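Novice: Just dropping this structure here.
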Amino acid sequence: MLRVLVGRDLKVVYKRSFLGLGWALGMPLVQLIVFSFVFRKVLEIEVEHYSVFVFVGVLVWGWFHSSLGDSVGLITSNRVLVGQPGFPLAVLPNVTVLVRLFHFLIALPLLVGMIFWSGLLPNVSWCFVPLLLIVQYLFTVGIAYPLASMNVIHRDTQHVTRVLLQLMMFLTPVFYSLDRVPEELQYWFQFNPMVGILDAWRSVLIKGTTPDLAVLGRLSVVGLVLLFLGRRLFVQQSHQFIEEL
Numbered sequence: 261m262l263r264v265l266v267g268r269d270l271k272v273v274y275k276r277s278f279l280g281l282g283w284a285l286g287m288p289l290v291q292l293i294v295f296s297f298v299f300r301k302v303l304e305i306e307v308e309h310y311s312v313f314v315f316v317g318v319l320v321w322g323w324f325h326s327s328l329g330d331s332v333g334l335i336t337s338n339r340v341l342v343g344q345p346g347f348p349l350a351v352l353p354n355v356t357v358l359v360r361l362f363h364f365l366i367a368l369p370l371l372v373g374m375i376f377w378s379g380l381l382p383n384v385s386w387c388f389v390p391l392l393l394i395v396q397y398l399f400t401v402g403i404a405y406p407l408a409s410m411n412v413i414h415r416d417t418q419h420v421t422r423v424l425l426q427l428m429m430f431l432t433p434v435f436y437s438l439d440r441v442p443e444e445l446q447y448w449f450q451f452n453p454m455v456g457i458l459d460a461w462r463s464v465l466i467k468g469t470t471p472d473l474a475v476l477g478r479l480s481v482v483g484l485v486l487l488f489l490g491r492r493l494f495v496q497q498s499h500q501f502i503e504e505l
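For the sequence shown, the numbering used here assigns the number 261 to the initial residue and increments by one for each residue that follows.
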């Protein structure tokens, strides 16, 4: 069912689109060019291998941002499926996150090419990539469940989510290094889970070092807790979805 629904959503997204899946590469590349120009040439931020640094941030943040942005309106935009007796609605947040993961994986070879072009070579630390995918997936789905269910009852959720995600992007080192944040503020940045996830991706792909396993362990626990509680809330409220729609 997951495979069928993911395939359906991908066809809907790119139906009658000239570039098709090329958009999965086009948008991150445009962001990379803009961020590289503004923050490297205008603000003169000095970060080693900055193009790769930014592209990692754009792809990782893009998967998280787009997954939650799509999940918040998941139920309200699938009235037909909600009205189908016996349909397992709890599978839908997974479908949304998997679709965006597919986009992430399409752009991943381009990132690998940039890494080689920058003179960086793969090493044993790349073995942690599957772990990073799992941790981010669990964490993202765990947040997607309550957002999807809350938006059915409180439609302002979708607007609040978009604003918070936009603000959160600037509070996440997507296009700047955490070293540039004043030392007295760096402590508060650690409460942003995407800071730890991004740092882990950059440690593995750019620095060639083992990610902070303690941080990944905490994020995994938080992700599993969010997944359990979020799914439980979603299932409890799913009986009201058809009435609210």
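Here a beta-carbon is modelled for each residue, glycine too, at the ideal position from N, C-alpha and C.
Keep in mind that this is a model prediction, so the values were computed, not measured.
Let me know if N383 comes out buried or exposed under the rule of 16 or more other beta-carbons within 10 Å of its beta-carbon.
Specialist: By one-based count along the sequence shown, residue 383 stands at place 123. Looking at its Cβ environment, which holds fewer than 16 other Cβ atoms inside 10 Å, N383 is exposed.
Novice: If we count the other Cβ atoms within 10 Å of its Cβ and call it buried at 16 or more, is A460 buried or exposed?
Specialist: Locating residue 460 in the sequence shown gives position 200, where the first residue counts as 1. The residue in question, A460, is buried, as its Cβ has 16 or more Cβ neighbours within 10 Å.
Novice: Could I get the ranges of all uninterrupted alpha helix (DSSP H) runs contained in the segment 423 to 458, with 4 residues as the minimum, in chain order?
Specialist: If we require 4 residues or more, the alpha helix (DSSP H) runs fully inside the segment 423 to 458 come out as 443 to 449.
Novice: How many Å lie between L250 and G483 at the Cα?
Specialist: Limits of the chain in this structure are 261 at one end and 505 at the other, which puts residue 250 out of reach.
Novice: Throw me the rounded Cβ distance for the G456 and V475 pair, which I believe falls under 8 Å.
Specialist: What you label residue 456 is simply residue 196 of the sequence shown in a count that begins at 1. What you label residue 475 is simply residue 215 of the sequence shown in a count that begins at 1. Going by Cβ atoms, the distance from G456 to V475 rounds to 4 Å, so yes, they are a contact pair.
Novice: What is the DSSP secondary structure of T470, counted as helix, strand or coil?
Specialist: Position 210 of the sequence shown, counted from the start, is the residue given in the question as residue 470. Of the three classes helix, strand and coil, the one that applies to T470 here is coil, per DSSP.
Novice: Rank V312, L334, V320, V307 by C-alpha distance to the C-alpha of I413 and give the top, closest one.
Specialist: Numbered from its first residue, the sequence shown carries residue 413 at position 153. Out of V312, L334, V320, V307, L334 has the C-alpha closest to the C-alpha of I413.
Novice: Does the Cβ of R462 have 16 or more other Cβ atoms within 10 Å, making it buried, or fewer, making it exposed?
Specialist: As a working note, residue 462 is residue 202 in the sequence shown. Its Cβ being crowded by 16 or more others within 10 Å, R462 is buried.
Novice: Closer than 8 Å by C-beta to F494: which residues in its own chain qualify, once you throw out the five before and the five after it? Chain order, please.
Specialist: Taking the sequence shown and counting its residues from 1, one reaches residue 494 at position 234. Hits under 8 Å: L349, A350, P353, Y405, P406, A408, S409.
Novice: When DSSP labels each residue in this structure, what does Q344 get in the three-state scheme?
Specialist: The residue given as residue 344 occupies position 84 in the sequence shown. Q344 falls in the coil class under three-state DSSP.
Novice: Taking C-beta to C-beta, are V464 and W386 nearer than 8 Å?
Specialist: On the sequence shown, residue 464 is found 204 positions in, with the first residue counted as 1. On the sequence shown, residue 386 is found 126 positions in, with the first residue counted as 1. It is a contact, given that the beta carbons lie within the stated cut-off.
Novice: Are there three or more Cβ pairs, one per stretch, closer than 8 Å when the segment 360 to 380 is compared with the segment 447 to 455?
Specialist: No contact exists between the segment 360 to 380 and the segment 447 to 455.
Novice: State the DSSP-derived secondary structure class of P382, mapped to helix, strand or coil.
Specialist: Taking the first residue of the sequence shown as position 1, residue 382 is located at position 122. Three-state DSSP puts P382 in coil, outside helix and strand.
Novice: Rounded to the nearest angstrom, how far is the Cβ of G490 from that of I394, given a contact under 8 Å?
Specialist: As a working mapping, residue 490 is identified with position 230 in the sequence shown. As a working mapping, residue 394 is identified with position 134 in the sequence shown. Between I394 and G490 the Cβ distance is about 17 Å, and since that is not below 8 Å, they are no contact.
Novice: Count the C-beta pairs between the segment 356 to 364 and the segment 424 to 442 that are closer than 8 Å, then say yes if the count reaches three, no if not.
Specialist: Counting Cβ pairs under 8 Å, fewer than three are found: no touch.
Novice: Is H414 helix, strand or coil by DSSP?
Specialist: Taking the first residue of the sequence shown as 1, we reach residue 414 at position 154. Reduced to three states, the DSSP call for H414 is coil.
Novice: When DSSP labels each residue in this structure, what does L368 get in the three-state scheme?
Specialist: Counted from its first residue, the sequence shown places residue 368 at position 108. In the structure shown, L368 sits in a helix (DSSP, three-state: H, G or I).
Novice: Given T336, which residues of its chain have a CB within under 6 Å of its CB, disregarding the five upstream and five downstream residues?
Specialist: In the sequence shown, residue 336 corresponds to position 76, counting from 1. Cβ neighbours of T336 beyond the five flanking positions: none.
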